[in-house]
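One structure is given here, and the rest of the page talks about it.
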Amino acid sequence: MVQAEAPLCPACGRRFERPDEETYECRACKVRVRIGEGDLPPEVRDAGRKPEARFGKFVLVRQVGSGGFGAVYRAWQTDLRRFVALKFLHTQEPEDLARFRREAQIAARLQHPHIVPVFEVGEQDGRSYLSMEFVEGRTLREIRPDPRKSLEAMQTVALAVHYAHEQGIVHRDLKPHNLMLGTDGRVRVMDFGLARPLRGGATLTGSGTVVGTPAYMAPEQAAGLPCDARSDVYSLGATLYELLCGHPPFTGESPLEVLDRARSQDPVSLRKIDPAIHPEVETIVAKALEKDAVRRYKSARALAEDLRRHLAGEPILARPTGPLVRIGKWVRRRRALSAALAVILVGLLVAAGALAANAIRSRREVARVVRDAEAAEREGRFRDARDLYARLKTLDRSHPAAARFHDMDRAAEAQERRREADKYVLMGRHAREEYENLSLEIERLEQKQRDLSKSIPSHEAKKQPLWDVESMLDRKRQERSDGRSVMLSSYARAAAADPDHPEAKPFLREYYWTEFLRAEAAGDQERAAECRLLVALYDTAGRYKDRFDAKGTLELTSIPPGAQAELLRYEEASDRRLVAQSPRILGTCPIPSMVLPAGSYLAVLRKAGFRDVRYPVLIGRDTALSAKVRLYTEDEIGRDFVYVPAGRFIRGDNSSPVGFSEYDPNAVVDDFFIGRFEVTCEEYRAFVESRARANRKEAQDLLPRDPERQGYIWGLEPDGTVGAKYIQGMEKWAIMGISGDNAAAYCTWRTEQARARGEKVLYRLPTLAEWEKAARGVDGRPFPWGRHFDWSFTSGYRSRPTPTLPVDVGTFAKDESPYGVRDMAGSQVEWCRDRWATAPDNQGLAGSSWMHSDWRCFRVSAHDYGNHESAHASHGFRVVRVLEQR
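Going by this note's numbering, the sequence shown opens with residue 290, and the numbers climb by one from there.
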């Protein structure tokens, strides 16, 4: 098998050396790349050539932002192959580090489509960094949308901020600079660097200084008092104020001047700045900017709801400031003048009149609100009913109907969650239908690909029909992958919005259960474990819990009956090999059906007069295995041969189809006996010398060859023997330099020798299927010893210190199959008897050799074909012994 040339490093352009397990590592720049990954985006490749741009597992592409606290870069994360925003601290002061880590911890708790997610926080080369989603777009500060789009954006932002409040987080630094409008049209909240848990209420840094941006800071935050959700409501109002008129509510020459004005003055009315602004919008912004937190919107959601009502043409709940409140504000702003008796008297008179008028209006308003609230409740408009009952509580807290607020609040939240979930479920249904249609189309194209592959000879240069199908397959698989992502994310969002939705969690639960079964059947333990966790995540009622305890049944019969049976289970040992352990005596065959946990087992059958039989068993989920095992004597099996009983086994590798046998979970072969070791130089010499005595010229053609040296490895002495100098010290090496024809001739000679002794047996090469079963057993393990490769287990290029040379057969004790066959991963590539249907001169080859340096070649499903007349220093063989009659 020919090794592919190593790829170029995507960072510095140098060629990688040999792969280390499943990754390449660049010796020059230390970049590590998983085998099979494609080229990086050009901007990443260009940046990666600069040493200063390489930062651990990241490549810094360009700086996209900077401030007093830190700098932000667009970066490429090499291990996950994605763009991220990478934020660095300018300093390493303890207080700054604490704020930096707090930002990551807080933002990591927030999973919302309109909040930029944080991936990780860490330290590399003494620099603290924070990795988050990279959003292509501009801040609202940079673009300042038109009034309606500003209102729509702030409605979305307010709902996202309310979500953060529900998680116990107050942002404390909301402003247009921290609101990003992505190229996808989605607005996102960024920068939780000043965020705090609500329960703490703190607004000061460790040094006691006020933190935040003065122009958008609530009065209580500016005064160093505890903050809550209403402080963020103020900041949202200040942000909306700026988006509508072009500047924040208060400006000044210095931060202190801004803070002083925010505490002592009211902002200029929006309609005085721009008369085109709707009066309701002015009322909404004024309520959000109330200096007294009690008079603001009680939550960011309440602000969002009034924005929604205005945008939908519905009446808003906020009311313009009344005369009594305006008088109070006027007095607070002019405390010196308030001492004047005339002003006080006038104020009192106005207040008295206002109170009387308010009392009359209040009674009428209460009756109206109760009537409207009850109607909204009857009609299922719980959100409107909740807001009306909230209005009633502000008008008359003692009114009996005011107690309905809490019920409507819960009903409205449930209704909103269901509506949001329904929206995502509808998206998921569309994506699911497309996914299923693409799956059917891919199945059709895969069948067409298989048919074309069989009908077009491999040496044919013109394969355009096949190439067209393969290109179409690539596109459709990518489309299906994209569609699956949309489908799963839509249903996941629906489940997050409404955990009780009747379709979201059940779909995800069943989808991942099906994926779990598929991964389990394919032996993909990592994927199976991942799907198991996802099933549990969406199976809150525990309906699927017992399904994971997979079981099957085994019935065991010996032919002839009466064998004693023992059962062992394969478990991973400390060196990660699969080792049969925990023996269990089953009794005398026939063994009736018994229930066993799913897994890989080894049954050992013993009966006097017969060789012990090693019978690997794979118990799958809900499978019923009835095994009939024939026993053979030592003479029948033969010395140095191993018995491989008939039955099903997993053949091939469904993850790497090129250069490996085709995946078949139900492959079947009959009983056969195979050589425990490859044919050795000593054994092959006896064959050559026997033929030389009869025909020296024929024997000369049987000698091992090395095409690279253009000659024979051995030579014949005048008496027809192989010269001792050619074989001394190599007697127990596996024979090398053998053609397929040489191997077949050896089998013919062994058959002649046996028949001369009166034995009714036949020797031949194994088929590829027989060879693979003898090497791996029945459970689909990729290597004879288990699932994990290690150079110390087998004879390969990197198995010993240089110089690399063959060793005696059986040297590597761990290169042993479940049946006890040795050296099937390494040592020599072995000839098999299969011929290529479309190119019959090509004969099957299986396994790897002492010359190979790519660990993937050592998987027992690896196979190749070579001309039956050709020889190579890495080619040897072993034989199968067949009884002509019993």
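Note that beta-carbon positions come from the ideal geometry of N, C-alpha and C, so glycine has one too.
Computed from a predicted model, the values in this text were never measured in an experiment.
Exposed or buried, which one is residue i when buried takes at least 16 other CB atoms within 10 Å?
i       : result
Gly1000 : exposed
Leu525  : buried
Val583  : exposed
Leu600  : exposed
Leu822  : exposed
Ala504  : buried
Asn467  : buried
Pro1007 : exposed
Leu845  : buried
Ala981  : buried
Ala852  : buried
Arg488  : Note that Arg488 has pLDDT 49, beneath the 50 cutoff, so the model's placement of it is unreliable and no number is given.
Asn1156 : exposed
Ala983  : exposed
Met479  : buried
Ala818  : exposed
Asp288  : A question about residue 288 goes unanswered here, because the residues of the chain that appear run from 290 up to 1175.
Glu326  : Only weak support exists for where Glu326 lies, its pLDDT of 44 falling under 50; the value from the coordinates is given anyway. Its Cβ having fewer than 16 others within 10 Å, Glu326 is exposed.
Following the continuous beta strand (DSSP E) through residue i, name the residue where it begins and the one where it ends.
i       : result
Trp1125 : Val1118 to Trp1125
Trp1074 : Segment: none, Trp1074 is in no beta strand (DSSP E) and carries neither H nor E.
Pro872  : Leu867 to Thr877
Val333  : It is not in any beta strand (DSSP E) - Val333 instead sits in the alpha helix (DSSP H) that spans Pro331 to Gly337.
Val884  : Ile880 to Pro886
Trp365  : Gly359 to Gln366
Thr428  : Gly426 to Thr428
Glu409  : Val407 to Gln413
Asp416  : Residue 416 is actually Arg in this sequence, not Asp. Segment Arg416 to Glu422, the beta strand (DSSP E) holding Arg416.
Given a cut-off of 8 Å on the beta-carbon distance, is the pair residue i and residue j in contact?
i       : j       : result
Glu412  : Val373  : no
Tyr1086 : Met1019 : no
Glu967  : Arg1167 : yes
Val1169 : Glu1048 : no
Arg390  : Val410  : yes
Arg798  : Asp763  : no
Leu463  : Val450  : yes
Val902  : Tyr890  : no
Gly1176 : Leu1057 : As shown, the chain starts at 290 and ends at 1175. That puts residue 1176 outside it, with no answer to give.
Ala874  : Arg900  : This sequence places Ile at residue 874; Ala is not what is there. No, the Cβ-Cβ distance between Ile874 and Arg900 is not below 8 Å.
Arg769  : Tyr713  : no
Leu532  : Pro465  : yes
Val424  : Val446  : no
Gly501  : Arg475  : no
Leu596  : Leu440  : yes
Leu1136 : Glu1119 : A small fix is needed here, since residue 1136 is Gly in this sequence, not Leu. Contact: yes.
Pro993  : Ile1002 : yes
Val361  : Val350  : no
Could you have a look at residue i and say whether DSSP puts it in helix, strand or coil?
i       : result
Asn1031 : helix
Ile395  : helix
Ile939  : strand
Arg488  : Since pLDDT at Arg488 reaches only 49, below the 50 mark, its modelled position is unreliable, and the value read off the structure follows with that caveat. Looking at Arg488 - three-state DSSP - the assignment turns out to be coil, as it is neither helix nor strand.
Trp1003 : coil
Glu951  : coil
Gln1042 : helix
Tyr1086 : coil
Tyr890  : strand
Ala518  : helix
Gln381  : coil
Determine the extent of the alpha helix (DSSP H) in which residue i is found, giving its start and end residues.
i       : result
Ala784  : Gln753 to Ala786
Thr445  : Pro436 to Glu455
Ala589  : Ala589 to Ala601
Tyr724  : Arg693 to Ser744
Tyr932  : Per DSSP, Tyr932 belongs to no alpha helix (DSSP H); it is in the beta strand (DSSP E), Phe930 to Val933.
Phe671  : Phe671 to Leu684
Leu545  : Pro544 to Ser553
Tyr1108 : Taken as a continuous stretch (DSSP letters only), Tyr1108 belongs to no alpha helix (DSSP H), as it is neither H nor E.
Going residue by residue through the segment 796 to 842, where are the continuous alpha helix (DSSP H) segments of at least 4 residues, counting only ones entirely within it?
814 to 827
Ignoring anything shorter than 4 residues or poking outside the segment 1114 to 1173, list the alpha helix (DSSP H) runs there in chain order.
none
Could you tell me which uninterrupted alpha helix (DSSP H) segments, each at least 4 residues in length, are contained entirely in the segment 959 to 987, listed from first to last along the chain?
970 to 983
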